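S.K.: One structure follows; several queries about it will come next.
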Amino acid sequence: MDPIAAKYIGAGIACIGMGGAGVGVGAIFGHYLAAALRNPSAAQSQFGNLIFGFAVTEALGIFSLLIALLLLFAL
Amino acid sequence: MADPIHQFQISKIYTLGTIGGHEIAFTNSALFMGLAVTGIAALMVGATASRSLVPGRFQSLAEMSYEFVADMIRSTAGPDGMRFFPFVFSLFMFILFLNMLGMFPLGGFTVTSHIVITAALALLVFLTVIIYGLWHNGLRFFKLFVPSGIPIVIMPLIVLIEIMSFISRPISHSVRLFANMLAGHITLKVFAGFIVMLGAYGIGGWIGAILPLALTVALTALELLVAFLQAYVFAILTCIYLNDAVHPGH
Numbered sequence: 000m001d002p003i004a005a006k007y008i009g010a011g012i013a014c015i016g017m018g019g020a021g022v023g024v025g026a027i028f029g030h031y032l033a034a035a036l037r038n039p040s041a042a043q044s045q046f047g048n049l050i051f052g053f054a055v056t057e058a059l060g061i062f063s064l065l066i067a068l069l070l071l072f073a074l
Numbered sequence: 000m001a002d003p004i005h006q007f008q009i010s011k012i013y014t015l016g017t018i019g020g021h022e023i024a025f026t027n028s029a030l031f032m033g034l035a036v037t038g039i040a041a042l043m044v045g046a047t048a049s050r051s052l053v054p055g056r057f058q059s060l061a062e063m064s065y066e067f068v069a070d071m072i073r074s075t076a077g078p079d080g081m082r083f084f085p086f087v088f089s090l091f092m093f094i095l096f097l098n099m100l101g102m103f104p105l106g107g108f109t110v111t112s113h114i115v116i117t118a119a120l121a122l123l124v125f126l127t128v129i130i131y132g133l134w135h136n137g138l139r140f141f142k143l144f145v146p147s148g149i150p151i152v153i154m155p156l157i158v159l160i161e162i163m164s165f166i167s168r169p170i171s172h173s174v175r176l177f178a179n180m181l182a183g184h185i186t187l188k189v190f191a192g193f194i195v196m197l198g199a200y201g202i203g204g205w206i207g208a209i210l211p212l213a214l215t216v217a218l219t220a221l222e223l224l225v226a227f228l229q230a231y232v233f234a235i236l237t238c239i240y241l242n243d244a245v246h247p248g249h
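Shown next as structure tokens:
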């Protein structure tokens, strides 16, 4: 296979990983919302945990985006 | 299209000399680190120079950042962790200022988008945890790898997993900050490139460029949030890791 073509295909495949991060971020916010509606008084105290979980999960999606971008522009 | 990687290039500003054939130069990276340190020092010293009971704008900013980091340490590492307050506070403010300085358009340089910087910071935290943990707890520090209440049969497996996760900490710690800043800034530049490319197609292209322009504005707002969030995540992970050094054993 042409190495340039393989590079672009690889960048596309690497982006599939972002789907997993999307599922994870959705689960975090969905569960937070469900729990916050059950017990609104406790919701505010868990906001920090929500943002922390979001950032850690989102970072995994960023890792695969990083691989794709490096394949496209840097390597 | 303009190269979106170009913004991360390190350029020499002033050559100081050579050591062993390697050029030692004052670079734009060093300039922005200096700017960040100057900014933090000016904020913290200037805000607390004329202390008043009812704080003004800058004094409340300094007090808020103190309280923010102090609460973070107390809630994750307990009151014993407060001896690491200067360390965590410096890390948090340094990374926050570097990330925010990187958000400046036209010549802003993101120091934290280089793995060498974030890896150095993460290794600093990692070695602090090991050295302080061994010095403060002695061999009890290794209880960190042996969780209590685990059946003896699967203990070797658990210990192996705990050691692996401990060793991989500096990698994930540094790559998280580096990758977020790098990928975020490249995404911004790619979307900004769409506007220029569409603009070359005349009036129809200008109308089509409205969407990428709006997206670029929205992404800039998201990047500002990420710049703060990643400094926060780096600091809170530092606190969680330091908690292991202060209180080993689960």
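Protein sequences, first through last, are from chains A and B. For the first sequence, numbering that gives the first Met the number 0 assigns the number 0 to the initial residue and increments by one for each residue that follows. For the second sequence, numbering that gives the first Met the number 0 assigns the number 0 to the initial residue and increments by one for each residue that follows. The beta carbon of each residue, even a glycine, is placed where N, CA and C say it ideally should be. As the structure is a prediction and not an experimental result, all values here were calculated from the model.
1. Just the Cα atoms here: how many angstroms apart are B/Gln-58 and B/Met-99?
2. To the nearest angstrom, how far is it from the Cα of B/Leu-228 to the Cα of B/Arg-168?
3. Measuring only between beta-carbons, confirm whether A/Ile-61 sits less than 8 Å from chain B.
4. Below 8 Å, how does it come out for the stretch 73–90 of chain B and the stretch 226–241 of chain B: are there three or more Cβ pairs, yes or no?
5. With C-beta atoms as the reference, is B/Pro-211 less than 8 Å away from B/Ile-239?
6. Give the range of the beta strand (DSSP E) segment to which B/Lys-11 is assigned.
7. Does any C-beta atom of chain B lie closer than 8 Å to the C-beta of A/Phe-51?
8. By the three-class DSSP mapping on this structure, what secondary structure does B/Met-0 have?
9. Would you mind stating whether B/His-184 and B/Ala-121 have Cβ atoms separated by less than 8 Å?
10. For B/Pro-3, go through chain A and note every residue whose CB falls closer than 7 Å to its CB, in chain order.
11. Any contact of the stretch 9–21 of chain A with the stretch 63–72 of chain A, i.e. 3+ C-beta pairs under 8 Å?
12. To the nearest angstrom, report how far apart A/His-112 and A/Ala-58 are at their CA atoms.
13. Does the distance from the C-beta atom of B/Lys-188 to that of B/Pro-54 stay below 8 Å?
14. Would you kindly work out how many angstroms separate the C-alpha atoms of B/Phe-144 and B/Glu-161, rounded to a whole number?
15. Helix or strand or just coil, what does DSSP make of A/Ala-10?
16. For B/Ile-23, does the three-state DSSP call read helix, strand or coil?
17. Which runs of the alpha helix (DSSP H) spanning at least 4 residues fall entirely within the stretch 51–108 of chain B, listed in chain order?
18. Answer yes or no: do B/Phe-190 and B/Leu-218 have a C-beta to C-beta separation smaller than 8 Å?
19. Taking 8 Å as the CB-CB limit, is B/Val-115 close to chain A?
20. Is the CB of A/Ala-42 under 8 Å away from at least one CB in chain B?
21. Give a yes or no on whether the minimum CB-CB distance between A/Leu-65 and chain B is below 8 Å.
22. Ignore the nearest five residues each way along the sequence and tell me which others in B/Gly-16's own chain have a CB closer than 7 Å to its CB.
23. Are the C-beta atoms of A/Val-55 and some chain B residue less than 8 Å apart?
24. Taking buried to mean at least 16 other C-beta atoms within 10 Å of its own C-beta, is B/Ile-18 buried or exposed?
25. If you drop the 5 nearest sequence neighbours on each side, which residues of the same chain put their C-beta closer than 7 Å to that of B/Met-71?
26. Using a Cβ cut-off of 9 Å, pull out every chain B residue sitting near A/Ala-58, in sequence order please.
27. Taking Cβ positions only, does B/Ile-185 come closer than 8 Å to chain A?
28. For B/Ile-235, which residues in chain A fall below 8 Å Cβ to Cβ?
29. Hey, how far is the Cα of B/Trp-134 from the Cα of A/Ile-27?
30. Thinking just about the alpha-carbon of each residue, which of B/Ser-112, B/Val-110, B/Gly-80, B/Arg-56 is nearest to the one in B/Met-43?
M.R.: Judging by the given coordinates:
1. Just so you know, the alpha carbons of B/Gln-58 and B/Met-99 end up roughly 20 Å apart.
2. Going by the C-alpha atoms only, they are around 19 Å apart.
3. A/Ile-61 counts as touching chain B.
4. Output reads yes: the stretch 226–241 of chain B touches the stretch 73–90 of chain B.
5. Going by C-beta atoms, B/Pro-211 is not nearer than 8 Å to B/Ile-239.
6. Per DSSP, B/Lys-11 belongs to the beta strand (DSSP E) from 11–18.
7. So, interface residue.
8. Its pLDDT being 48, under 50, B/Met-0 is placed unreliably in this model, and the value from its coordinates should be taken loosely. Three-state DSSP puts B/Met-0 in coil, outside helix and strand.
9. Not in contact: B/His-184 and B/Ala-121 (Cβ atoms no closer than 8 Å).
10. Ordered by position in chain A, the residues that pass the 7 Å Cβ test against B/Pro-3 are Phe-72.
11. In short, these stretches touch, since the Cβ pair count reaches three.
12. Missing from the structure shown is residue 112 of chain A; chain A here goes from 0 to 74 and no further.
13. B/Lys-188 places its beta carbon 8 Å or farther from that of B/Pro-54.
14. Answer to the nearest angstrom: the Cα atoms are 5 Å apart.
15. A/Ala-10: helix per DSSP, three-state reduction.
16. Strand.
17. If only complete runs of 4 or more residues are kept, the stretch 51–108 of chain B shows the alpha helix (DSSP H) at 56–76, 84–101, in order along the chain.
18. Contact: yes.
19. Chain A contact via Cβ: absent.
20. A/Ala-42 does not count as touching chain B.
21. It does: the Cβ of A/Leu-65 has a partner Cβ on chain B nearer than 8 Å.
22. So the qualifying residues of the chain are Ile-23.
23. Interface residue, yes.
24. Burial check for B/Ile-18: the Cβ neighbour count within 10 Å stays below 16, so the residue is exposed.
25. So the list reads Ala-234, Ile-235, Cys-238, once near-sequence residues are dropped.
26. What A/Ala-58 touches in chain B: Ser-171, Val-174, Arg-175, Leu-176, Ala-178, Asn-179, Gln-229, Val-232.
27. Interface residue, yes.
28. Those are Phe-51, listed as they occur along chain A.
29. Cα atoms of B/Trp-134 and A/Ile-27: separation of roughly 38 Å, rounded to the nearest angstrom.
30. Cα-wise, what sits closest to B/Met-43 is B/Arg-56.
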